[in-house]
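Anchor point for the sequence shown: position 20 equals 20 in full-length UniProt numbering, and the numbering is continuous, going up by one each time. Here is the structure we will look at.
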Amino acid sequence: MLRCAYGYYDPPECKPCDCFLNGTYGNVCEVGGGQCPCKVNFDGADCGQCADGFWNFPECEPCTCAGKGALDLSCDKLTGQCNCDFAFSGKECDTCQTGFFDYPKCTFCDCDTTGTEPEICHQTSGQCICKDNYTGKRVISVRQDLLIPCLLRL
Numbered sequence: 001m002l003r004c005a006y007g008y009y010d011p012p013e014c015k016p017c018d019c020f021l022n023g024t025y026g027n028v029c030e031v032g033g034g035q036c037p038c039k040v041n042f043d044g045a046d047c048g049q050c051a052d053g054f055w056n057f058p059e060c061e062p063c064t065c066a067g068k069g070a071l072d073l074s075c076d077k078l079t080g081q082c083n084c085d086f087a088f089s090g091k092e093c094d095t096c097q098t099g100f101f102d103y104p105k106c107t108f109c110d111c112d113t114t115g116t117e118p119e120i121c122h123q124t125s126g127q128c129i130c131k132d133n134y135t136g137k138r139v140i141s142v143r144q145d146l147l148i149p150c151l152l153r154l
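The following block contains the structure:
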């Protein structure tokens with residue numbers, strides 16, 4: 001039976017193991033196929049990419065998706081951006097998306113966007129942010145139809 005020397009795989013060709021040294025436990029691989037033994041934060045046959053739940057190769061740091069709006073604990077492997085629920089934003093889904101306020105609830109800003117600035121409403125109070133020449137405020141009442149949007153000043 002043919003065998004390969006230490007650090008080689010797939011007899012009789014005996015190709016050298018090609019393991020990413022920072023991501024593996026030594027430059028040794030499985031004899032049949034060449035899979036390198038990856039550290040927990042690395043993945044791939046050569047341990048040359050970040051595993052799920054890690055980002056920023058070659059460091060492969062853990063995703064920090066602890067925000068209330070994170071859909072899961074995974075993140076984009078290049079940017080670290082977490083997967084956020086609809087009303088949430090921020091790298092860790094720990095702020096409200098534009099058009100929502102009062103994190104961690106992230107309530108919809110009920111403003112007429114015709115008269116608002118791009119931020120739409122204040123992130124804490126929900127007060128509509130009116131453009132120049134517009135006025136009014138968001139009025140919270142029992143009846144949701146009693147909202148005073150940003151109205152054009154004449």
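The beta-carbon is built from N, C-alpha and C at its ideal position, and this holds for glycine as well.
Relative to the alpha-carbon of residue i, which residue among the options has its alpha-carbon at the smallest distance?
i, options, result
"Asn83", "Gly90, Ile120, Leu71", "Leu71"
"Thr98", "Gly7, Thr124, Thr79, Gln81", "Thr124"
"residue 161", "Glu61, Asp94, Cys109, Gly48", "The structure shown does not extend to residue 161, since the chain is modelled only from 1 to 154, so the question has no answer here."
"Pro11", "Asp94, Gly32, Glu92, Cys60", "Gly32"
"Thr107", "Gly126, Asp94, Val40, Glu59", "Gly126"
"Pro16", "Phe42, Asp46, Tyr25", "Asp46"
"Asp43", "Gly80, Asp94, Phe20, Phe88", "Phe20"
"Ala87", "Gln81, Lys105, Glu119, Val28", "Lys105"
What residues are listed by DSSP as bridge partners for residue i?
i, result
"Ser89", "Thr95"
"Ala70", "Cys84"
"Phe42", "Cys50"
"Phe100", "Phe108"
What residue does the beta strand (DSSP E) around residue i start on, and which one ends it?
i, result
"Pro118", "116–121"
"Asn83", "82–84"
"Cys130", "128–130"
Spell out a yes or no on whether the segment 108–116 and the segment 127–137 are touching, meaning 3 or more CB-CB pairs, one atom from each, closer than 8 Å.
-> yes
Within the chosen definition, does the segment 75–93 reach the segment 51–63 through at least 3 CB pairs nearer than 8 Å?
-> yes
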